[in-house]
Every structure is written in structure tokens, then in C-alpha cells.
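Chemist: Protein chains in written order, with the working numbering: chain P, 1 to 288; chain C, 1001 to 1151; chain D, 2001 to 2237.
Note that the Cβ used here is the ideal one computed from N, Cα and C, for glycine as well.
Okay, handing you the structure first.
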Amino acid sequence: MGACTGMTEIITTLSANFQYLFVRYALIVGVLIALCSSLLGVTLVLKRFSFIGDGLSHVAFGAISIAAALNLTNNFLLVLPVTVICAVLLLRTGQNTKIKGDAAIAMISVGTLAIGYLIMNLFSKSSNLSGDVCTTLFGSTSILTLNEAEVWLCGILSILVIAVFLLFYHKIFAVTFDEDFMAATGVKAKTYNLILAVIIAVVIVLAMNLVGALLISALVIFPALSSMRIYKNFKAVTICSVIVSVVCALLGIFIAILASTPVGSTIVAVNIAGFLAFSMAGLIARRA
Amino acid sequence: MKKTVVVLFFICVVCMAVTGCSQKDNGTDDFADLGIIDLDISKMSGIMVYSQVVHIGENPAEYVGKCIKITGQYYASYNEETASYYHYVIVGDEALCCQAGLKFIWKGDHKYPNDYPALNTNIELIGIYEKREEPGKTNYYLIADSLSPAE
Amino acid sequence: MPQLACQNLSLGYEGKTVITDLSFHVNAGDYLCIVGENGSGKSTLMKTILRLKSPIKGEIVTGDGLAHNDIGYLPQQTMVQKDFPASVREVVRSGCLNRCGLRPFYNRAEKRMAEENMNLLGIAPIAKHCYRELSGGQQQRTLLARALCAARKILLLDEPVAGLDPKATVEMYDVIKSLNSNGITIIMISHDIAASVKFASHIMHIGNHASLFFGTTAEYLKSEAGRIYSGWGRAPA
């Protein structure tokens, strides 16, 4: 059968590719980032902050361009704190403010993107400006050009995010489901919202390496939406989200390597296919 | 239970669909068969080529002594300080928004520009990656045994 | 020492004052019903007591060792999204969070309490069902079970029987009464004056931007406001 020979061919090519160190790095980092972003995706979708991934990634892009203009060797030191601060501001403006959540995100998102690009054009000493911009916005091959230090950093931050999520799992569920009740009964809802904002920012900055600034929202929301088509309790949705996200990221990286397509867009395309598959499965399961 | 079965079925369908997208061709190469070439970049898919060359550029010490075969665009530039030409083979990433390259030295008595191909033509190089200490800095070159035009 | 005392409270929302100069107190074990017309500010009062809103003037004093996490709360409406994936069990257990502190997981006692409260309210059979797919009455009982998990000393309820059928209404009142008998202080907003008079130990009647009456149920039935509202007297001409 055509598919069988196709599969064996693919498996041999893939295993041949595994010998390359940067491919192994890409897979490790890809899985970790997919894991982290899917964990938070459930909360973000339910809190109606789906687009925050986009907004924060543009902020990160702005911070990266400032770091490039200032010639900082490790731009993480600037990008991470700036993104965290913006995340906190954005998630706080969600309730009871003059500027509602989506308008605030739009302002910050578009503003930082424009200013970032402006600064890059004015001050950057890089010889390949459009290449740098392209890589930051779309991810391009940045996941395949990681060095060991970056992999370690990603690894440690991912493990921190996962640990925080597990420790605060019930609290995150509670403030997502009914924040007023939590505040009324003496649970420190504001603190947990703050913690949530910080880890969202960390995950966004990490995820930019995988899919680039413009595609991050997809990585965050598609796995959550896919699982919500089928499962109806929070625990199942979270676990399914993680599995879907990791599988789609792995498939996306493999396909990108084999078919020589941009990694970020391929992962998003696989996620979309997954969402469609789950939606159909959900429809059928409901009819049955 | 039923939900899980339906979900798994659809995942299988998606995987089958994805399988149909394989476009690998398995060419063989005499040198590779003889085991002389350690790293054949010319046979890799586009996105891997770029990543591999970037990796060589960032971790040159790991590749010293390896026999590398690479295809890419030829480029040369003149360095006023050393009053000599530097030769490059350049590869781009799949979106062609970024480029990376390796410096090379063509073994034998070749003069620029007559003996060398035109700029931006595709060439194929086979050679050993080596370290050269030069005044002021360390450079890494692919010492090419052969340079031939490629499609 | 009253468990909760409000002194000279002025409340409002969106710039307008709804209640001025309200004073009352609640002792441990009391069953207070807050009654009054729509729009008189009852829900605002409850939210202010729970510190979800700030008063315009006046102060709220807790005493008798009442801490913020001794409070259970059943709101009138919970804005839960259309497709929020949460099972009944997950919702009820989330009421235990105010006991957990920094502890990441529920301990066995808390899980058992959640099961008991679900049994008490008859929702144990639907423990695995999605909250959003339940009927109004089932959702109300889920939220009450959650409030019970949170309430260690005092339970605040905002129209707990709104939208329930008569049988469920009776069961709800019975549950609340038995909780009160076990020592939980109840503060309840209600439109059901007959039930309030039947079960409560104290009544507070709010109207005309002020407290028209505050005292024991017996006194209420003798008062002007009580007689009109409970239908025993005649409305003024």
C-alpha cells in the first residue's frame, strides 16, 4: 500500500535526521513549549483573553528591537521583564476599567509592533534586517538554530511554568470559573491572577522561538479549543490540550523538516487540521 | 470510552493524510557509499540545510576535520586589510529571508576572477573543514578539493 | 460581640447612592433575612459586606473571630460562559479553596466534605456532568454545595430559591435551616416574605434608600413595615 512504503520512507528519513544535534534540540524545546502554552491556553480562552498571545508577542518584538538597538548580547534580560509587566497590566485591565480588555490589547499590540519595527530600521546594526524581522515574527528556522545555552534556558523556564501550573492548578481553575466567589470567600484571587499573568508572559516569550510572534495565538488557543469540542470537565480538557499540542508540534516539526516548509506555519497548519478533526469527532460523538 | 475511540480514529485519519505528503527522493552518491563524506549537506532538505550551516558557523570546532559536501551560491568579497579575496558558499532558509554561509579555500592554483565561476551561480564543494590561525583572529574554512557547478 | 456589624453604611453603584446610613449587626448563629423591593440595594449590600464593592461611607466590622475565609457565598447570578468545561464535582470542590491556603491539593477531609454536601443537596448522581448542561435548579444546588464547602461560620445567600420549582424550594429552605441549627450564621436576601418570616430569627427591611426595620422576626410582624409587607395590614392610602 502506498501509505506503508511512504511511512517507512518517512521513518528512515526522520531517524537519519535525529543524528543532528540541532534537530534534537528543536524537538525537545518544541515539546516543552507546546506543553506550556497549551496548559495556559485553556485559561486564556475561557477568560476571553485569546488574543493576549498576539498582544504580548508584539510587546516582546518591540523589546527585542530595543535590545538589538542597544546591542545587548542576551536580549532575554530585557524582553522577559518588559513582557511580564505588560502581561500584568493587560490582564488587570480586564475588569472594571475605562479601557476594556480587547481595546487595551489592540493598542499595546499594534503600538509595540510599529515602534519595534521603526527602532529596528533606525538603529539596528544587523546586516540582514528583514531576515531578523522575519525570524522574530514568523519563527522561520529559529527553532532549528538553537544553541545549548538557549535549550537549557527554555528547559528550566518550561519546568518552572509546569511546576507553577501544577501547584496552583485548583486556584487557576477557581479564578477562571468564578473570580468573584473566590474573592468573596477569602481566596486571594488578585494574587493568583498576577501569578497567571507572569507565567503567561514567560510562555509567550519562549513560544516566540518556536512559531514566531505572529503565530503564537494559534499555539495557545487551538489545542484548548480542540479539546473543548470533546471533553466537558476542566481536568480532561487540560490533559487533552497538552497531548494535542505536543503531538501537533512534533508532527509540525517533522513535516517541516521533510517537506522543507517554515516550521511555525506548519505547526499552526497541523493544529488547524487537528481542530477540524476534533470538531467532526465531537459532532459525531454527540449524534451517537 | 466511545469519545476516545472516535478521537483516535480521527487522529489516525489525519496521520494518514499527512503521510501522503512525503516527497523524499533517495539518491545515492559514490562518495557517500565509499564512506568518505562525513556530512552531505547537498542531500538535505532546504530548511535543514540552512540550520546545519548556521550550526557549523556557531560551533565550528565540532566540524574541524570532517569532510563536507555542500551546494550553494558562490559569492566572493575583497578584504582591503589583507588585500585578498574571500570566497563563500551561501545557503538560504526556506523563506529566503535569511542566509548563512561558509568560507572556503579552493585547493590548487586558482586565480580570481578568471578561474572562479560567476557570482551567485550554484556550485558544489567537497572538502575538509579546517581551522586557520590568522593574525588577529581564528578563521574556519572549508578546504575544497573540488568545486564544480551545480544546478 | 457581634460576628458582623455595619455602622452608618452608605452604599451605591455607578455614582448614585442607593442606601444611606444603614446600621445593623449579626450575632453568631443568627438567621437574618434581608427583604425589600427590587432595586432597593440588597445585592449591593451583600457585595459590600463581602468586600467585592467598597462602601461610600461607613464601616463594616467583623468580630467574634470571623475571618474572611470563614465565609460561604451563593450569588444571585454567576456569569459562567456557555461552553465552560467544568464538572459538578470540580465546581463544588472549588469551594474548599479558602481552607487550602498554599496547599496545592485538596486533602481527604475536604474531598469527603464536598461529597457530603453533594449528597445533602441531591446532586451526587450528576457529579461528573458538565455544569453548563444542567437545569437551573441543578446549577443552583451545585453552587449552594460549593458555598457550603466554603462556609465555616457564616453563609451569605442572594435569593437562593429564585427560579426553583416548589419542591426544590422547600428542600433548599430545609437544608439552610438545618445548617443554621448546626451553628452556621445565615444572611439571606429573599423575596419570599412568607418563608423569611417562617425561618428567620431576624429581619431587615430595606426601602426608600434606608433601613425601614431591623430586629427580630417577632418584632417585625408587629411593626408597620412588617404588617404591610407580609400582607396582614393595609397599604397606606
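For methionine 2001/D, count neighbouring C-beta atoms within 10 Å of its own C-beta (all shown protein chains included) and say buried if the count is 16 or more, exposed if not.
Modeler: Within the third sequence, numbered from 1, the residue matching residue 2001/D stands at position 1. Result: exposed.
Chemist: Could you name the residues of chain E that alanine 174/P contacts, counting a contact when the two beta carbons are closer than 7 Å?
Modeler: The chain inventory of the structure shown lacks chain E, comprising the protein chains P, C and D.
Chemist: By DSSP, does threonine 1121/C sit in helix, in strand, or in coil?
Modeler: On the second sequence, residue 1121/C is found 121 positions in, with the first residue counted as 1. Reduced to three states, the DSSP call for threonine 1121/C is coil.
Chemist: Tell me whether alanine 2016/D is buried or exposed, calling it buried when 16 or more other Cβ atoms sit within 10 Å of its Cβ.
Modeler: Here residue 2016/D corresponds to residue number 16 of the third sequence, with the count starting at 1. At residue 2016/D the sequence reads lysine, which differs from the alanine that was named. Flag for lysine 2016/D reads exposed.
Chemist: Residues of chain D with CB under 7 Å from valine 237/P, in chain order?
Modeler: In the first sequence, residue 237/P corresponds to position 237, counting from 1. Correct list: Pro2085.
Chemist: Run through chain C and tell me which residues come within less than 7 Å of threonine 135/P, C-beta to C-beta.
Modeler: The residue given as residue 135/P occupies position 135 in the first sequence. Neighbours of threonine 135/P on chain C, chain order: Cys1098.
Chemist: Would you report the Cα separation of serine 2023/D and alanine 189/P, rounded to the nearest angstrom?
Modeler: In the third sequence, residue 2023/D corresponds to position 23, counting from 1. In the first sequence, residue 189/P corresponds to position 189, counting from 1. One C-alpha to the other measures close to 29 Å.
Chemist: Helix, strand or coil for leucine 258/P per DSSP?
Modeler: Start at 1 with the first residue of the first sequence, and residue 258/P comes out as number 258. DSSP places leucine 258/P in helix when its eight states are reduced to three.
Chemist: Closer than 8 Å by C-beta to valine 2175/D: which residues in its own chain qualify, once you throw out the five before and the five after it? Chain order, please.
Modeler: Position 175 of the third sequence holds residue 2175/D. Taken in chain order, the residues that qualify are Leu2120, Leu2121 and Leu2144.
Chemist: Check whether chain D comes within 8 Å of valine 198/P, counting only Cβ atoms and requiring the distance to be less than that.
Modeler: Indexing the first sequence from 1 puts residue 198/P at position 198. It does not; no Cβ of chain D falls within 8 Å.
Chemist: Threonine 1138/C by DSSP, collapsed to three states: which one?
Modeler: As a position in the second sequence, residue 1138/C is number 138, starting the count at 1. Here threonine 1138/C sits in strand by DSSP.
Chemist: I need the straight-line Cα distance from arginine 2089/D to alanine 2127/D, nearest angstrom please.
Modeler: Indexing the third sequence from 1 puts residue 2089/D at position 89. Indexing the third sequence from 1 puts residue 2127/D at position 127. Arginine 2089/D and alanine 2127/D: Cα-Cα distance of roughly 5 Å.
Chemist: From the DSSP output, read off the bridge partner residues of histidine 2025/D.
Modeler: Against the third sequence, residue 2025/D aligns to sequence position 25. DSSP output for histidine 2025/D lists Ala2005/D as bridge partner(s).
Chemist: Going by DSSP, which residues form a beta bridge with glutamate 150/P?
Modeler: Translated into the one-based positions of the first sequence, residue 150/P becomes position 150. Glutamate 150/P pairs with nothing; no bridge assigned.
Chemist: Which residue's Cα is closest to the Cα of isoleucine 115/P: Leu276/P, Val133/P and Ala16/P?
Modeler: The sequence position of residue 115/P within the first sequence is 115, counting from 1. Cα-wise, what sits closest to isoleucine 115/P is Val133/P.
Chemist: In terms of residues, what are the limits of the alpha helix (DSSP H) holding lysine 1069/C?
Modeler: Position 69 of the second sequence, counting from 1, holds the residue named residue 1069/C. First-last for lysine 1069/C: 1067-1079, but that is the beta strand (DSSP E), not the alpha helix (DSSP H).
Chemist: Answer yes if the segment 104-115 of chain P comes into contact with the segment 44-62 of chain P, meaning at least three C-beta pairs across the two stretches below 8 Å, and no otherwise.
Modeler: Yes, the segment 44-62 of chain P touches the segment 104-115 of chain P.
Chemist: Mind listing the chain P neighbours of glycine 1101/C? Cutoff is C-beta to C-beta under 7 Å, in chain order.
Modeler: Working through the second sequence from its first residue, we reach residue 1101/C at position 101. Those do not exist, as glycine 1101/C stays about 12 Å from chain P at its closest Cβ, beyond 7 Å.
Chemist: Would you tell me roughly how many angstroms separate the C-alpha atoms of leucine 225/P and serine 1146/C, rounded to the nearest one?
Modeler: Here residue 225/P is taken as the residue at index 225 of the first sequence, counted from 1. Here residue 1146/C is taken as the residue at index 146 of the second sequence, counted from 1. Roughly 55 Å between the two C-alpha positions.
Chemist: I'd like the span of the beta strand (DSSP E) that includes isoleucine 230/P, first residue to last.
Modeler: Within the first sequence, residue 230/P is the residue found at index 230, counting from 1. Note, isoleucine 230/P: premise wrong, no beta strand (DSSP E); alpha helix (DSSP H) at 216-230.
Chemist: Helix, strand or coil: which one does DSSP assign to isoleucine 2189/D?
Modeler: Within the third sequence, residue 2189/D is the residue found at index 189, counting from 1. Residue state, collapsed to three classes: strand.
Chemist: According to DSSP, what are the bridge partners of leucine 2050/D?
Modeler: Within the third sequence, the letter at position 50 stands for residue 2050/D. Note: leucine 2050/D sits in no beta bridge, so no partner.
Chemist: Which first and last residues belong to the beta strand (DSSP E) in which isoleucine 143/P is found?
Modeler: Locating residue 143/P in the first sequence gives position 143, where the first residue counts as 1. From DSSP, isoleucine 143/P is part of no beta strand (DSSP E); its letter is neither H nor E.
Chemist: Tell me which same chain residues have a C-beta within less than 7 Å of the C-beta of leucine 2164/D, skipping the five on either side of it?
Modeler: Residue mapping note: residue 2164/D aligns to position 164 of the third sequence, counting from 1. Once the five neighbours on either side are set aside, the close Cβ partners of leucine 2164/D are Gly2137, Gln2140 and Met2172.
Chemist: Please report whether the beta-carbon of valine 2061/D lies at a distance below 8 Å from any beta-carbon of chain P.
Modeler: Position 61 of the third sequence, counted from the start, is the residue given in the question as residue 2061/D. No, no contact with chain P.
Chemist: For serine 260/P, go through chain C and note every residue whose CB falls closer than 7 Å to its CB, in chain order.
Modeler: Translated into the one-based positions of the first sequence, residue 260/P becomes position 260. The answer, in chain order, is Ser1045, Gly1046, Ile1047 and Glu1094.
Chemist: Mind checking whether valine 270/P and cysteine 248/P have CB atoms under 8 Å apart?
Modeler: Locating residue 270/P in the first sequence gives position 270, counting from the first residue. Locating residue 248/P in the first sequence gives position 248, counting from the first residue. In contact: valine 270/P and cysteine 248/P (Cβ atoms closer than 8 Å).
Chemist: Entirely within the segment 169-196 of chain P and at least 4 residues each: give me those alpha helix (DSSP H) ranges in chain order.
Modeler: Those alpha helix (DSSP H) runs which fall completely within the segment 169-196 of chain P and span 4+ residues are 169-177 and 179-184.
Chemist: Once you ignore the five residues that flank lysine 1103/C on each side, which residues in its own chain have a CB closer than 8 Å to its CB?
Modeler: Here residue 1103/C refers to the residue found at position 103 of the second sequence. The residues are Tyr1086, His1087, Tyr1088, Asn1139, Tyr1140, Tyr1141 and Leu1142.
Chemist: Could you check the C-alpha separation between valine 1091/C and leucine 157/P for me, to the nearest Å?
Modeler: Taking the first residue of the second sequence as 1, we reach residue 1091/C at position 91. Taking the first residue of the first sequence as 1, we reach residue 157/P at position 157. Their backbone Cα atoms lie some 33 Å apart in a straight line.
Chemist: Is histidine 2209/D helix, strand or coil when you go by DSSP?
Modeler: Counting from one through the third sequence, the residue named residue 2209/D turns up at place 209. The answer is coil: DSSP assigns histidine 2209/D none of H, G, I, E or B.
Chemist: Among all the DSSP beta bridges, which residues are the ones paired with glutamate 1133/C?
Modeler: Here residue 1133/C is taken as the residue at index 133 of the second sequence, counted from 1. Beta-bridge pairing links glutamate 1133/C to Thr1138/C.
Chemist: Who are the Cβ neighbours of glutamate 2207/D in its own chain at under 8 Å, not counting the five residues just before and after it?
Modeler: On the third sequence, position 207 is the one that residue 2207/D refers to. Checking the displayed sequence, the identity of residue 2207/D turns out to be glycine instead of glutamate. These residues qualify, in order along the chain: Gly2036, Glu2037, Ser2040 and Ala2225.
Chemist: Ends of the beta strand (DSSP E) at valine 2035/D?
Modeler: Counted from its first residue, the third sequence places residue 2035/D at position 35. Where valine 2035/D is concerned, the enclosing beta strand (DSSP E) stretches over 2031-2036.
Chemist: Just to confirm the assignment, what range does the alpha helix (DSSP H) spanning serine 1051/C have?
Modeler: Against the second sequence, residue 1051/C aligns to sequence position 51. Residues 1046-1058.
Chemist: Where does the unbroken beta strand (DSSP E) through threonine 2062/D begin, and where does it stop?
Modeler: Working through the third sequence from its first residue, we reach residue 2062/D at position 62. 2057-2062 is the span of the beta strand (DSSP E), which, as asked, contains threonine 2062/D.
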